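Per this note's numbering, residue 1 is the first one in the sequence shown, and the count goes up by one each step.
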Amino acid sequence: AVNAPLILPETLKVLQPYMRLVEQMGRLYTQLQPGPLHKIEISCSGDIASYDLRPLQAALVKGLLESVSDAHVNMINAPTLAKQWGLEIIEQKSTTPAEFANLITLRMMNANGYPSSFAGKPGSGDEHVEVISGAVMHGEPRIVRVGRYWVEFVPEGYILFCRNPDQPGMIGRVGTVLGKAHVNIRHMDVGPIVRTPRQRNQQQPDTALMIVSVDDPIPDWALQEIGAAGDIFGLTLVKL
1 AVNAPLILPE
11 TLKVLQPYMR
21 LVEQMGRLYT
31 QLQPGPLHKI
41 EISCSGDIAS
51 YDLRPLQAAL
61 VKGLLESVSD
71 AHVNMINAPT
81 LAKQWGLEII
91 EQKSTTPAEF
101 ANLITLRMMN
111 ANGYPSSFAG
121 KPGSGDEHVE
131 VISGAVMHGE
141 PRIVRVGRYW
151 VEFVPEGYIL
161 FCRNPDQPGM
171 IGRVGTVLGK
181 AHVNIRHMDV
191 GPIVRTPRQR
201 NQQQPDTALM
211 IVSVDDPIPD
221 WALQEIGAAG
231 DIFGLTLVKL
């Protein structure tokens, strides 16, 4: 656990579910977009912004570093470790609620990630994961945005990410293959692209982000079969 002796106990009690959320957001980012990250903005909107957010920064460093190194991060050493890794964290706070109450957003300011299975082709809009947003709902951490897609899922366990045309039949195809592989689906969500009102009025083919939470790892042959036709792509299995 993140050790935070300088923070009031009552503040820590309020922040703990958000600390868990931010840590998982960091872990998710390193798996979707591996590679160097030098500057990241953590933005908090709503009542949560009125608190001392150092524990959230420590949780973010913990999620980013512990998943790619043997570093042990706590409230005391988080700033030092971040500096050693060349990681600059910028904090933005607003007590005005955003799309969700107490929304936390990570923005990767100058990510230069390595090629990954999740990354899209140049010009697709999915070349890099630059935004991840989360909220705490009914006491439970939820991811509500990944890249340019609205989603909603609990960041834990094995989760399959893939993109597909926003059209009928995609969910059924994924479910059929996972059933054949005897992989149980716990949760599935299909998220649309985040659009402005003007963009929503434009007629253009849409891509959706499919999130599939499963109980066990998905065999390689099943992932290959899901993506064989080419219209379901960017398949990436993460473990949180």
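Idealized CB from N, CA, C, for every residue including glycine.
Fair warning: this is a prediction, and the values are worked out from it, not measured in the lab.
By the CB criterion at 8 Å, ALA49 and VAL61 fall outside the cutoff.
Per DSSP, reduced to three states, the secondary structure at GLU99 is coil, with no helix or strand assignment. By the C-beta density criterion, LEU178 is buried, having at least 16 other C-beta atoms within 10 angstroms. Taken atom to atom, the span from the alpha-carbon of LEU237 to that of ASP216 is near 11 Å. The shortest C-alpha to C-alpha distance from MET75 to any of MET19, GLY86 and TYR158 is the one to MET19. Here THR105 is buried. Its C-beta has 16 or more other C-beta atoms within 10 Å. With respect to the C-alpha of VAL214, the residue from LEU8, HIS138 and LEU240 having the closest C-alpha is LEU240.
ARG148 and ILE193 have their C-alpha atoms some 6 Å from each other. Residue state for ARG27 is assigned as helix, using DSSP reduced to three classes. Counting of Cβ neighbours within 10 angstroms places GLY26 among the buried residues, the total reaching 16 or more.
Its chain contains PRO219 and ALA222 as the residues whose beta carbon lies nearer than 6 Å to that of ALA181, once the 5 sequence neighbours on both sides are disregarded; these appear in chain order.
The beta carbon of ARG163 is closer than 8 Å to those of GLY120, ASP126, THR207, ALA208, LEU209, MET210, ILE232, PHE233 and GLY234 in its chain, skipping five residues each way along the sequence.
Secondary structure remark: continuous alpha helix (DSSP H) runs of at least 4 residues inside the stretch 51-85, in chain order: 54-66 and 78-84. Secondary structure at GLU225: helix, using DSSP grouped into helix, strand and coil. Counting of Cβ neighbours within 10 angstroms places GLN31 among the buried residues, the total reaching 16 or more. Between ASP47 and THR11, the beta carbon gap of about 12 Å keeps them out of contact (Cβ cut-off 8 Å).
Here VAL136 is not near VAL144, since their CB atoms are 8 Å or more apart. In terms of Cβ geometry, SER116 and GLN33 form a close pair [threshold 8 Å].
Here DSSP, grouped into helix, strand and coil, assigns VAL174 to helix.
Pairing GLU88 with HIS128 gives a Cβ-Cβ distance that is not under 8 Å. Using a 10 angstroms sphere on the CB of GLN92, the tally of other CB atoms stays under 16, which defines it as exposed.
Secondary structure at ASP206: coil, using DSSP grouped into helix, strand and coil. ILE48 sits in a helix when the DSSP states are folded into three classes. Take GLU23, set aside five residues on each side of it, and the residues of its chain with a beta-carbon closer than 6 Å to its own are ALA59, LYS62 and GLY63, in chain order.
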